[in-house]
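Presented below is the structure to which this report refers.
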Amino acid sequence: MTSDQQSDRTTRVRCCIVGGGPAGMMLGYLLGRAGIDVVVLEKHADFFRDFRGDTVHPSTLQVMDELGLIDGFLKLPHQRLQKIDGLFGGTPVRIADLSRLHTKYPFIAFMPQWDFLNFLREAGKRFASLEVMMSAEAVDLIRRGDTVAGVRAKTPDGFIDIEADLTIACDGRHSTVRERAGLALEEIGAPMDVLWFRAGRRADETESVFARVEPGKMMITFDRGDYWQCAYVIAKGRYDAVKARGLQALLDDVARMAPILRSGITDVKSFDDIKLLTVAINRLERWTQPGLLCIGDAAHAMSPVGGVGVNLAVQDAVATANLLVDKLQHGCPSEDELDAIRRRREFPVKMTQAMQVIVQNNIISGALQGGDRPLKVPLIVRLITALPWLQGIPARLLALGVRPEHVHSRAAPGS
Ligand SMILES: Cc1cc2nc3c(=O)[nH]c(=O)nc-3n(C[C@H](O)[C@H](O)[C@H](O)COP(=O)(O)OP(=O)(O)OC[C@H]3O[C@@H](n4cnc5c(N)ncnc54)[C@H](O)[C@@H]3O)c2cc1C
0 MTSDQQSDRT
10 TRVRCCIVGG
20 GPAGMMLGYL
30 LGRAGIDVVV
40 LEKHADFFRD
50 FRGDTVHPST
60 LQVMDELGLI
70 DGFLKLPHQR
80 LQKIDGLFGG
90 TPVRIADLSR
100 LHTKYPFIAF
110 MPQWDFLNFL
120 REAGKRFASL
130 EVMMSAEAVD
140 LIRRGDTVAG
150 VRAKTPDGFI
160 DIEADLTIAC
170 DGRHSTVRER
180 AGLALEEIGA
190 PMDVLWFRAG
200 RRADETESVF
210 ARVEPGKMMI
220 TFDRGDYWQC
230 AYVIAKGRYD
240 AVKARGLQAL
250 LDDVARMAPI
260 LRSGITDVKS
270 FDDIKLLTVA
280 INRLERWTQP
290 GLLCIGDAAH
300 AMSPVGGVGV
310 NLAVQDAVAT
320 ANLLVDKLQH
330 GCPSEDELDA
340 IRRRREFPVK
350 MTQAMQVIVQ
360 NNIISGALQG
370 GDRPLKVPLI
380 VRLITALPWL
390 QGIPARLLAL
400 GVRPEHVHSR
410 AAPGS
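Numbering (numbering that gives the first Met the number 0), first residue to last: 0 to 414.
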C-alpha cells in the first residue's frame, strides 16, 4: 500500500470488482448469480453521465437472452439499427447490413449506457451475495507479500479496506488498479480524438445516414429519439486548434456536413457543451498478478471504430465468469488459472484492434489529412456497397465479433 490514509473500516469478500462500467456490472451480475460473495466499487454516485458507448450489439443481446433478461431489457427505450449507411465525399455507401445475419437479434440497440448499467444493477439486486457500492473509488491496492489482497477505497464516509481473495480491475482505460499494480501497457495508438455533443431533434426529422466523411472531416450521428448524438472526429491533439477557430466555425462545418442538424445544433451554446473524448488503442501483455485480474478497457482500450468496446467488455466478463466461477468457490484461483482469461480473450482483442487500426490508417487518417482534395471512396467500401451479399461480412464482425462468448457459468439454486 502506498497511500498513507488510515482506513476507517474493513470488510472481506471473495471477489472485489473495481469499476461499474459494462465489464464490471456484467461480471458482478454473473458472480452474484452464482452465489459468489462479490462487491462492485463504482467511483461515481450514479451512472448518469455521458459515457462513451451507447451501442448494444447482437452478441450482448444474446448474452442478455441467455440470462433471461432480454424481454425486460428490450422494453427500455432504444433505437434499432440494421443498415449502416454513410456518405463518403457525398457518395452514398452501405457499410454493413445486419438483417443478413442468421442471429436471434440482428440489430444494434442504441440505448444510453446508464440505462444498460442501471438495468443490470436493478436485476442484480435479487442476488444476496452481490453488493454494488456507489461513490466508492479504489485508490490503492492492499498487498500481502507479492499477492494483491484487495483494495482501499475512498467513500463519502471515509476510507474502507476491502480485503478480497481476488481483485478484478474493470476500471477502464485510465485504470488506477492497473497503474498501482505496475502492469505495463503496449500502446498501439490512434490518429484521432472525438468531440461528443448533442443536437436537438424534432419528431419529423429522420435520416438513415450514420457516418459522413468529407475531405478533412468526419462525423457520426446517432438518432437518440429526442436528440441527435454527434461524434465529430478530429485529428489527434487538434482540439486546441478547433477551439482557436471558434465555436461558430465548428458548428458551420457540422451543419454543412449534416444539414439535418442545422436547427438542433443551436443547442450547442459553448465549448462547455462539447466533450473531448480521447481515443486510445492499447493492451496489457500480462493481465494478471497473484490475486489480480484486469479485463475490459483496463486490459485493452478499444477505439470507437465499430462501436464494439462495450461489447468486448461484456464478452470478457462472460468469459471470466465461465472460467472462474467454480474455482472461486474454493478461494482465489492460481495465477495460471487467472491467465486463462487472457489466453481465451487475447485473440479476439488483437483481431478487433487490428481491424480498428486498418480502418484508422486507411480510411480515417486519409480523410482527416485529406485537405481539400476530393475524397475517393476506398475500394473495399465500393465493393461492399455494390455487392449486397458482402454486407453480411462487416455486419458479422460488428455484430458478433471474433469468438463470441456464451453464458456457461452456473447459477446458484434459486437465482
Ligand atoms: C470516443 C469513444 C467512443 C466510443 N464509442 C463506443 C460505442 O459507441 N460503442 C462501444 O461499444 N464502445 C465505444 N467505445 C469504447 C467503450 O467506451 C469502452 O470500450 C467500454 O466502455 C469499456 O468498458 P469497461 O467496463 O471496460 O470500462 P468503462 O466503460 O471505462 O468503465 C469503467 C468504470 O470504472 C469506474 N472507475 C474508474 N476508476 C475507478 C476507481 N478507481 N474506483 C472505482 N471505479 C472506478 C468508472 O467510473 C467507470 O464507470 C468508445 C470509446 C471512445 C473513446
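Even for Gly, the Cβ is constructed at its ideal location relative to N, Cα and C.
Please list, in chain order, all residues of the same chain as Ile141 whose beta carbon is under 7 Å from its beta carbon, the five residues on each side excluded. Answer for Ile141: Met0, Ala148, Gly149, Val150, Arg151, Asp160 and Glu162, listed in chain order.
Would you mind working out which of Ala135, Val193, Leu100 and Thr287 sits nearest Arg8, comparing C-alpha positions? The residue with the shortest Cα to Cα distance from Arg8 is Ala135.
Between the CA atoms of Phe196 and Ala189 - distance to the nearest angstrom: Between the C-alpha atoms of Ala189 and Phe196 there is a straight-line separation of about 21 Å.
Which full runs of the alpha helix (DSSP H) of 4+ residues lie inside the segment 164–242, going along the chain? The segment 164–242 contains these whole alpha helix (DSSP H) runs: 175–180.
Is any heavy atom of ligand 1 found at a distance shorter than 8 Å from the C-beta of Val278? Yes - ligand 1 has a heavy atom lying nearer than 8 Å to the Cβ of Val278.
Does Ile87 pass the burial test, meaning 16 or more other C-beta atoms within 10 Å, or should it be called exposed? The sequence shown places Phe at residue 87, not Ile. Buried.
Are there 16 or more other CB atoms within 10 angstroms of the CB of Trp388, so buried, or fewer, so exposed? Residue burial is scored here from C-beta neighbours: Trp388 has fewer than 16 other C-beta atoms within 10 angstroms and is therefore classed as exposed.
Three Cβ pairs or more, each shorter than 8 Å: is that satisfied between the segment 340–348 and the segment 309–325? Segments in contact, yes.
Throw me the rounded Cβ distance for the Cys14 and Ile35 pair, which I believe falls under 8 Å. Yes, Cys14 and Ile35 are in contact; Cβ-Cβ is about 6 Å, under 8 Å.
Using only the heavy atoms of ligand 3, determine whether one of them is closer than 8 Å to the beta carbon of Arg172. In the structure shown, ligand 3 is absent; the only ligands present are ligand 1.
Report all residues from its chain with a CB closer than 7 Å to the CB of Leu249; omit the five preceding and five following residues, and keep chain order. Around Leu249: Val241.
Is the CB-CB distance between Ala95 and Gln390 below 9 Å? One thing to note: Ala95 has its Cβ within 9 Å of the Cβ of Gln390.
For a test of the three-state rule: what should DSSP assign to Ala300, helix, strand or coil? Three-state result, Ala300: coil.
Asp45 CB to nearest heavy atom of ligand 1 below 8 Å: No, Cβ of Asp45 sits at least 8 Å from all heavy atoms of ligand 1.
Would you mind stating whether Ala22 and Cys229 have Cβ atoms separated by less than 9 Å? Result no, Cβ atoms of Ala22 and Cys229 do not sit closer than 9 Å.
Does the beta-carbon of Ser6, which I'm using as the reference point, lie nearer than 8 Å to any heavy atom of ligand 1? Outside the cutoff, so no.
Leu396 versus Ala411, Gln359, Val307 and Glu41, residue with shortest Cα-Cα distance: Check the Cα spacing between Leu396 and each of Ala411, Gln359, Val307 and Glu41: the tightest is with Val307.
Assess contact between the segment 53–60 and the segment 101–119, defined as three or more Cβ pairs (one per stretch) separated by less than 8 Å. Is contact present? Yes, the segment 53–60 touches the segment 101–119.
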